[in-house]
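**Student:** Pasting a structure below so you can have a look.
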Amino acid sequence: MSQEIAVVGSSDFTTGFRLAGVRKFETVADEQKDEQLDEAVTEVLEDEDVGIVVMHDDDLDHLSRSVREAVETSIEPTLVTLGGGAGAGGLRDQIKRAIGIDLMEEDN
């Protein structure tokens, strides 16, 4: 069974993904993130059709401790954050965790 990508965040963040064909998304207005982001993320985490959850790195600060821990330790679906200061190393680790192999590994 193939799994889908889900995107959680502001309208500005999710729009590009929706235009690219991502069908699962949860849009939470910036001014409502403290109240509604936990629920949106929990909904996506519980969806069995979702394999990867994409969020903006800054949105992690709006999650409660329990939801943030659930997101950060989740293997399936795997969280991939964009933006912020993660850099190439952080993205590399996220991709490796998501698909199980290191795509950037150099052959010796």
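For the sequence shown, my numbering begins at 465 and goes up steadily by one.
By construction, the Cβ of each residue, glycine as well, lies at the ideal position given by its N, Cα and C atoms.
Bear in mind the structure is a predicted one, so any value in this text is a computation, not a measurement.
1. On a Cα-Cα basis, can you pick out the residue from Asp557, Arg487, Thr537 and Ser474 that is closest to Gln500?
2. Okay, do the region 539-547 and the region 481-492 touch, 3+ Cβ pairs below 8 Å being the bar?
3. Excluding five sequence neighbours on each side, which residues of the same chain lie with their C-beta closer than 8 Å to the C-beta of Ser528?
4. Under a three-way DSSP split, which group does Leu527 fall into?
5. List the whole-angstrom C-beta distance separating Val472 from Phe481, where the pair is believed to meet the contact cut-off of C-beta under 8 Å.
6. From this set, Val505, Asp525 and Val531, which residue's C-alpha is nearest Val517's C-alpha?
**Tutor:** Short version:
1. Ser474
2. no
3. Asp502
4. coil
5. 10 Å between Cβ atoms; not a contact.
6. Val505
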